[in-house]
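**Q** Numbers in our numbering are just positions in the sequence shown, counted from 1, shifted up by 2.
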Amino acid sequence: MRNLAMPFSAALAIIMVPIFVSVFSLIHLATPPSAQAADDHGDYRNLATPINTIGSVVSGSIDGSSTGIDIDYFSFQAQRGVRYSFIVNLGTVQSANLQVVNSIDRGIGSSEGQFAYERTGQLLVDWIARTNDTYFVEVSADWDPLSGQVFLGTYTLQVSADTTLLDRHGDSRDAATSMAFGNRYQGAISPWSNQPDIDVGVHGGDDEDYFSFLASRGIKYTIDAELGTATGLTLSVRDSVGDLEKTNDGVGITMDWVAPATRLYHVVVSGTSRVREPVGTYAVKVTANTSLVDRHSERRVDATPISFGNAHQGAVSPADDLDFFSFQTRRGVMYSISIEPGSAETVNIAVHQPVIGTAASNGGIGMSLDWLAPTDGTYYVVLSVSSQVRVGVGSYTLRVEADNALIDRHSGTPGDATGINFGSAVAGAISPAEDQDFFGFLAKRGVSYTVESELGSAVAVSLSIADADGNIEVSNGGLGSTLEWIAPDDNSYYVAVSAPSQIANPIGTYTVKIEGDNTLLDRHGEARADATSINFGNATAGAISPPKD
């Protein structure tokens with residue numbers, strides 16, 4: 003960034019002289035009497051000679067006056083922020099007084115903020131206008147305090163204006179300059195007093211330049227200033243009601259800010275007490291990092307639907323941002339949620355339940371989370387800032403994969419059991435851990451049935467036979483891969499496959515099949531009425547099964 007030189011008048015070897023209004027001057031500021039001394043320029047503000055502030059040179063003389071003190075008034079149109087330089091070149095007059103006098107609306111007296119000094123044969127005043135109004139230059143007679151002699155003679159008044167300090171931008175939100183991102187806006191901090199006790203009232207306050215822009219939630223905006231003749235600036239962001247969002251407090255010339263909401267905000271450029279001469283020119287621009295735009299809702303109702311296996315771009319921004327993604331779960335399916343960091347080091351990954359509550363979270367540690375769906379339903383992946391890293395705000399890419407091998411294909415109750423054919427293997431999975439899979443078959447009294455499991459990704463399974471009410475007839479307790487059972491009657495029974503209690507992680511796949519040994523089928527009645535007829539000389543086959551047969 004460039005930093006141009008100080009104003010010329012401030013660099014001169016100068017002698018400060020007080021600016022004051024004599025008793026005589028105050029008299030002349032009042033309404034003029036009916037008679038006055040002949041003079042080349044008016045002795046009162048309403049009779050002032052108009053002058054041009056662009057290189058104007060006007061001749062004048064300090065003449066004799068009926069009051070004994072001649073005053074020459076010159077009027078000019080001041081523009082807020084412009085620095086005006088007034089030079090009186092002493093001609094035949096030996097000494098004189100020079101000052102800027104308030105506009106009529108601002109009462110009598112010299113205008114605040116004048117910088118007066120002398121050079122050989124010259125009186126000089128630098129002054130920055132604090133308002134847009136008609137002000138006055140007063141050239142008045144001086145006198146010898148010892149002899150009382152009033153100095154009379156000729157002079158010339160020279161006026162110049164530094165319009166680079168013109169206040170181009172409004173001092174309030176209502177008058178803010180609208181900004182386009184990336185465009186550079188020229189401006190100036192002028193006036194700026196660095197004097198908290200200055201009377202700002204009708205005399206005008208210190209300059210603040212307001213710029214407006216429409217911010218989008220989550221986007222990081224960079225406010226970048228370039229110094230011209232100013233040696234320092236305060237950069238601030240304020241919301242639509244004027245509350246301060248962030249400030250650089252006069253340190254540096256750039257500032258980053260993340261918008262907490264989508265609304266109108268204001269960049270405010272002002273002076274700073276951290277430098278000796280805050281008055282000067284500058285340029286400012288605002289750029290937007292759209293990679294941090296908040297693309298995803300913070301509520302379940304507006305969550306972004308997930309497409310399994312596809313990448314979803316997003317950003318956790320601002321720091322309190324929550325990004326909701328919805329997906330339809332199937333009981334038992336393992337969902338692998340992973341993120342690829344962009345400008346964020348990592349993010350907190352959580353799964354939220356359908357209505358309220360959190361089902362799982364990685365606590366902001368790592369870049370993935372595996373979660374097993376306990377039921378069918380609509381669940382939500384929620385991404386937020388991780389408290390475990392230095393840079394939590396930033397962009398990311400989200401992917402969700404579903405392992406359908408663990409889908410719960412079979413009912414957990416006898417009433418909805420999956421039918422099983424003898425000799426045919428049926429695939430299934432223990433998922434989630436409390437899962438029970440029921441398979442129904444029609445048992446015949448006395449038949450010996452063998453249930454056999456073959457493990458896939460599961461470490462072990464428990465095999466049981468249950469009746470229609472879910473009462474367990476027999477179980478292998480999770481030990482081994484087979485179970486034998488003799489049917490006590492003709493009825494519907496159920497193979498139940500579940501997780502063994504002795505296994506820490508029972509999740510996994512399996513296949514199960516059932517075989518029946520019909521040689522033990524109970525072929526003969528147990529009562530006289532159902533007795534089997536026997537033919538003499540013929541052999542009749544039978545079996546004692548079950549044990550109480």
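Think of the CB as a built atom: it goes at the ideal place given N, C-alpha and C, for glycine as much as any other residue.
Where do the N-terminal and C-terminal ends of the beta strand (DSSP E) with residue 559 fall, by residue?
**A** Residue 559 lies beyond the stretch modelled for the chain, which goes from 3 to 551, so this question has no answer here.
**Q** In whole angstroms, give me the CA-to-CA distance for residue 1 and residue 150.
**A** Within the shown structure, residues of the chain are numbered from 3 to 551, placing residue 1 beyond reach of any answer.
**Q** Could you check what DSSP says for residue 56 in three-state terms: helix, strand or coil?
**A** Within the sequence shown, the letter at position 54 stands for residue 56. Correct three-state label for residue 56: coil.
**Q** Apart from the five residues on each side of it in sequence, which residues of its chain come closer than 6 Å, Cβ to Cβ, to residue 61?
**A** By 1-based counting over the sequence shown, the position of residue 61 is 59. Result list for residue 61: 158, in chain order.
**Q** Could you pull out every unbroken beta strand (DSSP E) segment of at least 3 residues lying fully inside the segment 405 to 468, listed in chain order?
**A** Entirely contained in the segment 405 to 468, the beta strand (DSSP E) runs reaching 3 residues are, in chain order, 428 to 432, 438 to 445, 450 to 457, 464 to 468.
**Q** Does the Cβ-Cβ distance between residue 290 and residue 299 come in under 8 Å?
**A** In the sequence shown, the residue the question calls residue 290 occupies position 288. In the sequence shown, the residue the question calls residue 299 occupies position 297. No.
**Q** Could you pull the start and end residues of the beta strand (DSSP E) that residue 373 belongs to?
**A** The sequence position of residue 373 within the sequence shown is 371, counting from 1. Start and end: 370 to 374.
**Q** In the DSSP assignment, what are the bridge partners of residue 257?
**A** One-based indexing of the sequence shown puts residue 257 at position 255. BP columns for residue 257 point to 225.
**Q** Is residue 83 closer than 8 Å to residue 209 when the C-beta atoms are compared?
**A** In the sequence shown, residue 209 corresponds to position 207, counting from 1. In the sequence shown, residue 83 corresponds to position 81, counting from 1. Result yes, Cβ atoms of residue 209 and residue 83 sit closer than 8 Å.
**Q** With residue 130 as the anchor, note down where its beta strand (DSSP E) starts and where it stops.
**A** Indexing the sequence shown from 1 puts residue 130 at position 128. Run containing residue 130: 124 to 130, per the beta strand (DSSP E) assignment.
**Q** Can you name, in chain order, every residue of its own chain whose Cβ lies under 6 Å from the Cβ of residue 474, other than the five neighbours on each side?
**A** As a working note, residue 474 is residue 472 in the sequence shown. Here the set comprises 466, 468.
**Q** Could you name the residues of the same chain whose beta carbon sits closer than 6 Å to that of residue 459, not counting the 5 residues immediately before and after it, in chain order?
**A** To locate residue 459, count along the sequence shown from 1; it is residue 457. Around residue 459: 510, 511.
**Q** Could you round the C-beta distance between residue 447 and residue 490 to whole angstroms and report it? I think they count as a contact, below 8 Å.
**A** Position 445 of the sequence shown, counting from 1, holds the residue named residue 447. Position 488 of the sequence shown, counting from 1, holds the residue named residue 490. The pair is a contact, with the Cβ atoms about 7 Å apart (cut-off 8 Å).
**Q** If we call anything under 8 Å between Cβ atoms a contact, is residue 153 one with residue 64?
**A** For the purposes of this step, residue 153 is taken as residue 151 along the sequence shown, with counting starting at 1. For the purposes of this step, residue 64 is taken as residue 62 along the sequence shown, with counting starting at 1. Yes. Within cutoff.
**Q** Could you have a look at residue 25 and say whether DSSP puts it in helix, strand or coil?
**A** As a working note, residue 25 is residue 23 in the sequence shown. Summary for residue 25: the model assigns pLDDT 35, below 50, so the residue's position carries little reliability, and this model does not support an answer.
**Q** Just curious, the beta strand (DSSP E) that residue 265 is in, first and last residue?
**A** Position 263 of the sequence shown, counted from the start, is the residue given in the question as residue 265. 265 to 272 is the span of the beta strand (DSSP E), which, as asked, contains residue 265.
**Q** Identify whether residue 199 lies in helix, strand or coil by the three-state DSSP scheme.
**A** Numbered from 1 along the sequence shown, position 197 holds the residue referred to as residue 199. Model confidence at residue 199 stands at a pLDDT of 49, short of 50, so the residue's coordinates are unreliable; what they give is reported in the following sentence. It is coil, neither helix nor strand.
**Q** Please classify residue 56 as buried or exposed, where buried requires at least 16 other C-beta atoms within 10 Å of its C-beta.
**A** Taking the sequence shown and counting its residues from 1, one reaches residue 56 at position 54. It is exposed - the Cβ of residue 56 has fewer than 16 other Cβ atoms within 10 Å.
**Q** Here's a check: name, in chain order, each residue in its chain whose Cβ is nearer than 8 Å to the Cβ of residue 324, leaving out the five neighbours to either side.
**A** The residue you call residue 324 lines up with position 322 of the sequence shown. Cβ within range, chain order: 300, 384, 385, 386.
**Q** Do three or more CB pairs link the segment 267 to 287 to the segment 225 to 239 at distances below 8 Å?
**A** Segments in contact, yes.
**Q** When the distance is taken between beta carbons, is residue 276 closer than 8 Å to residue 254?
**A** The residue given as residue 254 occupies position 252 in the sequence shown. The residue given as residue 276 occupies position 274 in the sequence shown. Taking 8 Å as the Cβ cut-off, residue 254 and residue 276 do not qualify as a contacting pair.
**Q** Could you check how far apart the C-beta atoms of residue 119 and residue 78 are, in whole angstroms? I think they sit under 8 Å.
**A** Along the sequence shown, one-based indexing puts residue 119 at 117. Along the sequence shown, one-based indexing puts residue 78 at 76. Wrong, their Cβ atoms sit about 20 Å apart, outside the cutoff.
**Q** From this set, 503, 126, 190, 211, which residue's C-alpha is nearest residue 481's C-alpha?
**A** The count along the sequence shown starts at 1 and reaches residue 481 at position 479. Ranking 503, 126, 190, 211 by Cα distance to residue 481 puts 503 first.
**Q** When the Cα of residue 216 is compared with those of 262, 327, 232, 155, which residue comes out closest?
**A** Here residue 216 corresponds to residue number 214 of the sequence shown, with the count starting at 1. Checking every option, the nearest Cα to that of residue 216 belongs to 262.
**Q** Kindly list the residues whose CB is nearer than 7 Å to the CB of residue 378, restricted to its own chain and excluding five residues on each side of it in sequence; keep chain order.
**A** Numbered from 1 along the sequence shown, position 376 holds the residue referred to as residue 378. Excluding positions up to five away in sequence, the list reads 331, 332, 333.
**Q** Please classify residue 550: is it buried, with 16 or more other beta-carbons within 10 angstroms of its beta-carbon, or exposed?
**A** The residue given as residue 550 occupies position 548 in the sequence shown. Exposed.
**Q** Alpha carbon to alpha carbon, what distance is there between residue 265 and residue 242?
**A** For this step, residue 242 is matched to residue 240 along the sequence shown. For this step, residue 265 is matched to residue 263 along the sequence shown. Approximately 8 Å between the Cα atoms of the pair.
**Q** Please state whether DSSP places residue 106 in a helix, a strand or coil.
**A** For this step, residue 106 is matched to residue 104 along the sequence shown. Here residue 106 sits in helix by DSSP.
**Q** Could you tell me if residue 506 is buried or exposed, where buried requires 16 or more neighbouring beta carbons within 10 angstroms of its beta carbon?
**A** By 1-based counting over the sequence shown, the position of residue 506 is 504. Its Cβ having fewer than 16 others within 10 Å, residue 506 is exposed.
**Q** Counting beta carbon pairs with one atom in the segment 425 to 441 and one in the segment 348 to 360, are three or more of them shorter than 8 Å?
**A** Cβ pair count under 8 Å is below three, so no.
**Q** In the DSSP assignment, find the unbroken beta strand (DSSP E) run with residue 247 in it and report its ends.
**A** Position 245 of the sequence shown, counted from the start, is the residue given in the question as residue 247. Residues 246 to 249.
**Q** According to DSSP, simplified to helix, strand and coil, what is residue 297?
**A** To locate residue 297, count along the sequence shown from 1; it is residue 295. Here residue 297 sits in coil by DSSP.
**Q** So the candidates are 51, 357, 66, 352; which of them puts its Cα closest to the Cα of residue 364?
**A** Here residue 364 refers to the residue found at position 362 of the sequence shown. Among 51, 357, 66, 352, the Cα nearest to that of residue 364 is on 352.
**Q** Between the alpha carbons of residue 222 and residue 259, how many angstroms are there, rounded?
**A** In the sequence shown, residue 222 corresponds to position 220, counting from 1. In the sequence shown, residue 259 corresponds to position 257, counting from 1. Near 6 Å, if we compare the C-alpha coordinates of residue 259 and residue 222.
**Q** Assess, as a yes-or-no matter, whether the segment 86 to 100 is touched by the segment 176 to 194 under the definition of 3 or more beta carbon pairs within less than 8 Å.
**A** Segments in contact, no.
**Q** Helix, strand or coil: which one does DSSP assign to residue 332?
**A** One-based indexing of the sequence shown puts residue 332 at position 330. Residue 332: coil per DSSP, three-state reduction.
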